[in-house]
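Asker: First the structure, which I've put down as structure tokens, then a few questions once you've had a look.
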Amino acid sequence: MNVLVTGGTGYIGSLTSVQLLGAGLRPVLLDNLCNSKAAVLERIERVAGVRPRFIDGDIRDRALLDRVLREEGIDSVIHFAGLKAVGESVEMPLAYYDNNVNGTLVLLQALREARVRTLVFSSSATVYGDAQVMPLREDAPTSATNPYGRSKLMVEQILADLAASDPSWSLTALRYFNPVGAHPSGLMGEDPQGIPNNLMPYIAQVAVGRREKLRVFGNDYPTPDGTGVRDYIHVLDLADGHLAALRHGHGRPGLHVFNLGTGQGHSVLEMLQAFGRACGKTLAHEIASRRPGDVASCWADPAHAESTLGWRARRSLDEMCADTWRWQSMNPEGYPG
Ligand code: NAD
Ligand code: UDP
């Protein structure tokens, strides 16, 4: 099976491509490299033993998509490509709607024309907005507090309308909780450009000496230790969830929505301690004020994915930290180039 992987050189796309290759599928990576480096291709080859086909291009380029779908004999798509920084989305809403919503529309139009009907989409737990009841089930109310989150909700709605219009489509939205970790080889991991927005890459950069200390955004939340609680999931478990979703989706009409999380919440201070165990250091931190827009707690009820896809997260918090530390210490500046 030939799987078009949009955003395939990014963090989750590259590791999912490794898992696809391991399962005997043929990923075709399409990425405009706006937030990733081509150097990841050589790492995929070292890890998986095969250099995947790569196309340097944009999902908004319809002529390119038409050609790739035809020439590569694409059977299904995993659609990761998009912009993902919440703060940036508030400053540049048009760029977010253009990449995330318009980009998806162009892709779907090309798929319709090429009669490719199976797509798995990267959604996010951010679509649950400021939910109060944990754990989150897929039928919890959705809302958005910023353009990034709204772009994910809009795409989910477009997918629902499309699935309702024509039963030949099999569409899946995977709502990721907090993907962290790296390939256990230490060769592949998350490589944020500039100052990391997310907790795990920030802690990893403190551990390797690139940043002085972690700023903990608030210790007065209604959580056991007052710091924010999230559902951190190993990126390889997440990648395996895509394989399960792809297999389940084939030939099954409709829009299928799944949480991909572990079902366990961990606080910022717990994450700092777990990472300290992995790297054998005490990591400096200070308490800072809350980050605007953050919720106190967010964790998944992953039961639907387990019962329907036969998938559940298997890797522990200590593995997430150990793998991140191996990647960060072997590649303190991320991927070359
Ligand atoms: P990433 O930035 O590492 O990967 C996204 C890739 O898409 C990048 O390589 C980028 O160059 C590419 N891209 C962006 N716009 C493009 C375009 N118009 N055409 C072609 N390529 C384009 O991000 P990631 O963490 O791997 O996330 C992948 C997907 O998962 C995104 O859609 C993101 O919103 C979603 N997601 C991520 C998280 C997370 O915490 N990492 C959580 C929930 C959802
Ligand atoms: N966080 C923090 N310091 C940082 C980055 C994040 O204290 O430098 C906290 C943040 O407030 C939240 C948790 O870590 O409680 C996870 O944040 P992240 O940005 O990684 O994910 P998201 O906000 O998308 O859940």
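For the sequence shown, the numbering used here begins at 14 and goes up steadily by one. Even glycine gets a Cβ: it sits at the ideal position worked out from N, Cα and C.
Could you check where the beta strand (DSSP E) with residue 134 kicks off and where it finishes?
Answerer: Segment 131-137, the beta strand (DSSP E) holding residue 134.
Asker: How is the alpha helix (DSSP H) around residue 288 delimited, first residue to last?
Answerer: Note, residue 288: alpha helix (DSSP H), 281-292.
Asker: For residue 230, is the beta carbon positioned less than 7 Å from some heavy atom of ligand 2?
Answerer: Yes, since a heavy atom of ligand 2 falls inside the 7 Å radius drawn around the Cβ of residue 230.
Asker: Closest to residue 282 by CA distance: which of 266, 105, 116 and 236 is it?
Answerer: The candidate whose alpha carbon is nearest that of residue 282 is 236.
Asker: Can you give the Cα-Cα distance for residue 38 and residue 290, rounded to whole angstroms?
Answerer: If I take the Cα positions, the gap works out to 37 Å.
Asker: So, using beta-carbon positions, are residue 60 and residue 198 closer together than 8 Å?
Answerer: Result yes, Cβ atoms of residue 60 and residue 198 sit closer than 8 Å.
Asker: Under 7 Å Cβ to Cβ from residue 159, same chain only, skipping five residues before and after it: list those, please.
Answerer: 99, 102, 103 and 306.
Asker: Check whether the segment 22-38 and the segment 326-346 touch, using three or more Cβ-Cβ pairs below 8 Å as the test.
Answerer: No, the segment 22-38 is not in contact with the segment 326-346.
Asker: Is the Cβ-Cβ distance between residue 27 and residue 201 less than 8 Å?
Answerer: Result yes, Cβ atoms of residue 27 and residue 201 sit closer than 8 Å.
Asker: I'd like to confirm something about residue 272: is its beta-carbon nearer than 7 Å to some heavy atom of ligand 2, or not?
Answerer: Residue 272: no, Cβ never under 7 Å from ligand 2.
Asker: State yes or no: is the C-beta of residue 227 nearer than 7 Å to some heavy atom of ligand 2?
Answerer: At least one heavy atom of ligand 2 is nearer than 7 Å to the Cβ of residue 227, so yes.
Asker: In this structure, how does DSSP classify residue 258 when only helix, strand and coil are distinguished?
Answerer: Helix.
Asker: Unbroken beta strand (DSSP E) runs of length 3 or more, entirely within the segment 108-186: which are they?
Answerer: The qualifying runs are 131-137.
Asker: Only counting the same chain, and skipping five residues up and downstream in sequence, which positions put a Cβ closer than 8 Å to that of residue 218?
Answerer: Closer than 8 Å at Cβ, skipping near neighbours: 209, 224 and 341.
Asker: Near residue 265, which residues of its chain fall below 7 Å by C-beta distance, leaving aside the five closest residues on each side in sequence?
Answerer: If we look at residue 265 and ignore the five residues flanking it on each side, its Cβ neighbours are 183.
Asker: Around the Cβ of residue 196, are there at least 16 other Cβ atoms within 10 angstroms (buried) or fewer (exposed)?
Answerer: With 16 or more Cβ atoms within 10 Å of its Cβ, residue 196 is classed as buried.
Asker: So is the beta-carbon of residue 96 under 7 Å away from any non-hydrogen atom of ligand 1?
Answerer: At least one heavy atom of ligand 1 is nearer than 7 Å to the Cβ of residue 96, so yes.
Asker: As a quick exercise: from 129, 287, 239 and 137, pick the residue whose alpha carbon is nearest that of residue 213.
Answerer: For the residues 129, 287, 239 and 137, the minimum Cα distance to residue 213 belongs to 287.
Asker: According to the Cβ coordinates, are residue 89 and residue 259 closer than 8 Å?
Answerer: Their beta carbons are under 8 Å apart, which means residue 89 touches residue 259 by this criterion.
Asker: Measuring alpha carbon to alpha carbon, tell me which residue in 322, 168 and 339 is nearest residue 292.
Answerer: With distances taken between Cα atoms, residue 292 lies closest to 339.
Asker: Within 10 Å of its beta-carbon, does residue 165 have 16 or more other beta-carbons around it, so buried, or fewer, so exposed?
Answerer: Buried, because 16 or more other Cβ atoms sit within 10 Å of the Cβ of residue 165.
Asker: I'd like the list of long-range same chain contacts for residue 354, defined as Cβ closer than 6 Å, with 5 residues on each side in sequence excluded.
Answerer: In the structure displayed, the chain extends from 14 to 350; residue 354 sits before or after that span and is not available.
Asker: Is it buried or exposed, residue 352, if we count other Cβ atoms within 10 angstroms and call 16 or more buried?
Answerer: Residue 352 falls outside the range modelled here, since the chain spans only 14 to 350, and no answer is possible.
Asker: Report the rounded CA-to-CA distance for residue 280 versus residue 215, giving the unit in angstroms.
Answerer: Rounded to whole angstroms, residue 280 to residue 215 spans 15 Å at the Cα level.
Asker: Please identify the residue among 113, 323 and 252 whose C-alpha is closest to the C-alpha of residue 161.
Answerer: With distances taken between Cα atoms, residue 161 lies closest to 113.
Asker: Quick one: does the C-beta of residue 44 sit closer than 7 Å to a heavy atom of ligand 1?
Answerer: True, at least one ligand heavy atom lies under 7 Å from that Cβ.
Asker: Return yes when at least one heavy atom of ligand 2 lies under 7 Å from the C-beta of residue 215, else no.
Answerer: At least one heavy atom of ligand 2 is nearer than 7 Å to the Cβ of residue 215, so yes.
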